[in-house]
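Residues -22 to -1, 1 to 138 (mature numbering (1 follows the signal peptide of the UniProt record, and there is no 0)) are what the sequence shown spells out, left to right. All C-beta atoms in this analysis are idealised placements derived from N, C-alpha and C, irrespective of residue type, glycine included. As the structure is a prediction and not an experimental result, all values here were calculated from the model.
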Amino acid sequence: MGLFRSPTMAMFLLFLFTVSSALDMSIVSYDKTHESKSSSWRTDDEVMGMFEAWFVKHGKAYNALGEKEKRFEIFKDNLRFIDEHNSENRTYKVGLNRFADLTNEEYRSMYLGARFGAKRTSLKSKRSDRYLPRVGEALPDSVDWRKKGAVAEVKDQGSC
């Protein structure tokens, strides 16, 4: 109850909620009007505001001196990648998530697990033609397996 004694604090929390909600929905409403833009059109203040809202939303805390500045630079690089990717004519869009302060290498080492060798042994058995289309069979251009209930939502397995 003591948290909202100050009207200034209540307004600040309302502002943070509004900004984080807008950022959370921004990828959903990404459309053709954003195609020619990249992070070069974003001001430093805008990027810092996005970083601060993202920081609060994902409950981030950095202990080392200078770590927040380092993570902000990584965040900016990832935001630039997101903007460039989404400006192209792709079948999917990308957005900010809880990993936006990690480099590609950090993400790979923490969440993709160990690689035990690039070479795999191949089975000497004959490949089956069971899943090849048959002559005269009409196949759809695409299949959305989510609509058919064949796949579940994406789950985070952490560093499993």
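Proximity to D23 across Y85, F50, D134 peaks at F50, based on C-alpha coordinates. G44 and A31 have their alpha carbons spaced roughly 19 angstroms apart. Rounded to the nearest whole angstrom, the C-alpha separation of Y85 and V113 is 44 angstroms. Judged by their CB atoms, L74 and I52 are not nearer to each other than the 8 angstroms cut-off. In the structure shown, R112 falls within a coil segment according to DSSP collapsed to helix, strand and coil. Restricting attention to L57, T(-5), M(-12), the CA atom closest to the CA of T21 is found in L57.
Looking from the CA of G37, the closest CA among R105, A78, G91 belongs to A78. Taken through DSSP and simplified to helix, strand or coil, G27 comes out as helix.
Cα atoms of S(-17) and M28: separation of roughly 25 angstroms, rounded to the nearest angstrom.
Here L(-10) has no same chain residue with a Cβ atom under 6 angstroms from its own Cβ, once five neighbours each way along the sequence are excluded.
With fewer than 16 neighbouring CB atoms inside 10 Å of its own CB, F(-6) falls in the exposed class.
The three-state secondary structure of T81, taken from DSSP, is coil.
In the structure shown, Y89 adopts helical secondary structure according to DSSP, grouped into three states. Counting of Cβ neighbours within 10 angstroms places F(-8) among the exposed residues, the total staying below 16.
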